[in-house]
Amino acid sequence: MPHLTILYTPNLDGAIEDGGADIQALCNTLAETMAAQRDEALAAVFPIGGIRVLAYPASHYAIADGGAAGRAADGTGEYAFVYLNLRVARGRSAAVLERTGRALDACIKRHFEGILTERHIGVTLQIDEGDEVFNARTSSLHPLFARD
Amino acid sequence: MPHLTILYTPNLDGAIEDGGADIQALCNTLAETMAAQRDEALAAVFPIGGIRVLAYPASHYAIADGGAAGRAADGTGEYAFVYLNLRVARGRSAAVLERTGRALDACIKRHFEGILTERHIGVTLQIDEGDEVFNARTSSLHPLFARD
Amino acid sequence: MPHLTILYTPNLDGAIEDGGADIQALCNTLAETMAAQRDEALAAVFPIGGIRVLAYPASHYAIADGGAAGRAADGTGEYAFVYLNLRVARGRSAAVLERTGRALDACIKRHFEGILTERHIGVTLQIDEGDEVFNARTSSLHPLFARD
Chain Y
1 MPHLTILYTP NLDGAIEDGG ADIQALCNTL AETMAAQRDE ALAAVFPIGG IRVLAYPASH
61 YAIADGGAAG RAADGTGEYA FVYLNLRVAR GRSAAVLERT GRALDACIKR HFEGILTERH
121 IGVTLQIDEG DEVFNARTSS LHPLFARD
Chain B
149 MPHLTILYTP NLDGAIEDGG ADIQALCNTL AETMAAQRDE ALAAVFPIGG IRVLAYPASH
209 YAIADGGAAG RAADGTGEYA FVYLNLRVAR GRSAAVLERT GRALDACIKR HFEGILTERH
269 IGVTLQIDEG DEVFNARTSS LHPLFARD
Chain Z
297 MPHLTILYTP NLDGAIEDGG ADIQALCNTL AETMAAQRDE ALAAVFPIGG IRVLAYPASH
357 YAIADGGAAG RAADGTGEYA FVYLNLRVAR GRSAAVLERT GRALDACIKR HFEGILTERH
417 IGVTLQIDEG DEVFNARTSS LHPLFARD
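Protein chains in written order, with the numbering used here: chain Y, 1 to 148; chain B, 149 to 296; chain Z, 297 to 444.
Right, here's the structure in full:
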């Protein structure tokens, strides 16, 4: 943890200059933003070895009214959508979660700034605190970041 | 919101006439069903700009006993599975959620009626009320549907 | 139910002998492990017709520091990650859930034993008890396993 899963419409794939949303760059910048979060004691909010961002374009999708309002407004009816769900472990303060959410949201708003003016797109970020009843980890990743 | 995520086995891809389940048509009809829901005051249960259906075929899967019982019953051992998870925001009445669930379930049962008699398939629909600790939205979609 | 969803980095695709993690074999062995679970009364913990494992490689991802620590340690900076989320219905005892989690975790540790020594990989298993507000099932699968 933290795990950020991104579900999005495949019409966002591709580089920004080709009309896409460069979802790989979004993954990178969100991971960096998570790594940069500090709590009240200036300690890292998230262990760096636990940061994971995974993004998935849907194979099929239907958004809103399917395009009618978009066509009525500007001639295209293609909608795009990105859902970002961050699952964190229990135990962080409400203030830390709020600040983390705002930092990620700022990052998202920067990333989609240009696209928002050119396309009909919805982007939603939610943070869930996991309430798992069992948790187990097997890792050769965390030891890379173990404190000496 | 609402977000309906569909996870399914890839042996359902393809058109109905080719033995598939036409998951794109399922996405469309579910989005329309969500848009058509009305509450006790005859207001839309869901803002139309917030309706999102995303469907994902799995790359790998294992179902039930892996096919033994299916082979024993009819010679094929290929199972199919569809999991539909609708996440809605908190605050709707139990009656509205129940009615919405029944409407979606009826839609699903219609869609899979023929397939159920020809294949071994499981379809599960669940509705979750999100209990997110942070929520943020960036959208050029919702304004299309803003009330005057 | 139970539904086990596996999200993983695509650099794990492929057979073990080709440096992959054989995710299909992992799905199979996890399904068998779920089917083998017994409760205090020696009854099956899960109905066999309800066992579903679906695995999804991400299209884009960012893990930890993006590779810097891995490169500093051994020359490669490629990280891998697997997230396994098992969602079960409410109503099983804490002891049964714990034992099920341990059985799945043992299965995972065996599967990734060799890979853990050769690659930087994180594997996380979590079990969630669903708290759905609506649930509906349509199935031609369960009848295959109906008790006489």
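The C-beta atom is built at its ideal place from N, Cα and C for all residues, glycine as well.
Measuring alpha carbon to alpha carbon, tell me which residue in the options is nearest residue i.
i: T33(Y); options: A337(Z), I359(Z) and D401(Z); result: I359(Z)
i: L252(B); options: A163(B), L232(B), R267(B) and A228(B); result: L232(B)
i: L116(Y); options: R258(B), L289(B) and Q274(B); result: L289(B)
i: Y61(Y); options: E98(Y), Y79(Y) and C107(Y); result: Y79(Y)
i: A95(Y); options: Q24(Y), R38(Y), A15(Y) and A25(Y); result: R38(Y)
i: F428(Z); options: R285(B), P195(B), T272(B) and A192(B); result: It is worth fixing the name first, because residue 428(Z) is Glu in this sequence and not Phe. The shortest Cα separation from E428(Z) among R285(B), P195(B), T272(B) and A192(B) belongs to T272(B).
i: S59(Y); options: D161(B), G167(B) and H259(B); result: D161(B)
i: Q422(Z); options: A311(Z), R415(Z), E409(Z) and I404(Z); result: I404(Z)
i: R386(Z); options: R406(Z), D370(Z), A317(Z) and E425(Z); result: E425(Z)
i: D314(Z); options: P343(Z), E414(Z), A442(Z) and L382(Z); result: E414(Z)
i: I23(Y); options: A146(Y), G122(Y), V82(Y) and A136(Y); result: V82(Y)
i: L382(Z); options: A15(Y), A25(Y) and A136(Y); result: A136(Y)
i: D65(Y); options: A221(B), P195(B) and G214(B); result: P195(B)
i: A311(Z); options: V384(Z), D370(Z) and H407(Z); result: H407(Z)
i: F430(Z); options: F282(B), V236(B) and E261(B); result: V236(B)
Only counting the same chain, and skipping five residues up and downstream in sequence, which positions put a Cβ closer than 7 Å to that of residue i?
i: L440(Z); result: G345
i: I51(Y); result: P2, A31, M34 and A35
i: G307(Z); result: Checking the sequence shown, residue 307(Z) turns out to be Asn, not Gly. Around N307(Z): E374 and A376.
i: A442(Z); result: none
i: A339(Z); result: none
i: D222(B); result: none
At which residues does the alpha helix (DSSP H) containing residue i begin and terminate?
i: D320(Z); result: Strictly speaking, residue 320(Z) in this sequence is Gln, with Asp absent from that position. It spans I319 to A332 - the alpha helix (DSSP H) in which Q320(Z) sits, taken as one unbroken run.
i: V201(B); result: No alpha helix (DSSP H) contains V201(B), which is instead part of the beta strand (DSSP E) from R200 to P205.
Where does the unbroken beta strand (DSSP E) through residue i begin, and where does it stop?
i: D424(Z); result: H416 to E425
i: L137(Y); result: It is worth fixing the name first, because residue 137(Y) is Arg in this sequence and not Leu. Segment F134 to S139, the beta strand (DSSP E) holding R137(Y).
i: H142(Y); result: First-last for H142(Y): undefined, no H or E at that position.
i: A491(Z); result: For residue 491(Z) there is no data in the structure shown, the boundaries of chain Z being 297 and 444.
i: T153(B); result: H151 to Y156
Helix, strand or coil: which one does DSSP assign to residue i?
i: A68(Y); result: helix
i: V193(B); result: coil
i: V378(Z); result: strand
i: G106(Y); result: This sequence places Ala at residue 106(Y); Gly is not what is there. Of the three classes helix, strand and coil, the one that applies to A106(Y) here is helix, per DSSP.
i: R92(Y); result: coil
i: A442(Z); result: coil
i: R247(B); result: helix
Which same chain residues, not among the five before or five after residue i, have their C-beta less than 6 Å away from its C-beta?
i: V349(Z); result: L300, C323, L326 and A327
i: D296(B); result: Caution applies to D296(B), whose pLDDT of 43 falls short of 50 and renders its modelled position unreliable; the value that the coordinates give is listed next. If we look at D296(B) and ignore the five residues flanking it on each side, it has no Cβ neighbours.
i: A317(Z); result: L308 and I411
i: H416(Z); result: G366 and Y375
i: G122(Y); result: F81
i: A41(Y); result: none
Less than 8 Å between C-beta atoms, sequence neighbours within five positions excluded: which residues of the same chain meet that for residue i?
i: A216(B); result: G225
i: Y204(B); result: T153, I154, L155 and Y156
i: R395(Z); result: Q333
i: V341(Z); result: M330, Q333, R334, D335, R388, V392 and T396
i: S90(B); result: Here chain B comprises residues numbered 149 to 296, so residue 90(B) is not present and cannot be evaluated.
i: R219(B); result: G225
i: R102(Y); result: none
Confirm the yes/no value for this check: CB of residue i, any heavy atom of the ligand ADP, distance under 8 Å.
i: L232(B); result: Among the ligands in the structure shown, none appear at all, so the ligand ADP cannot be discussed.
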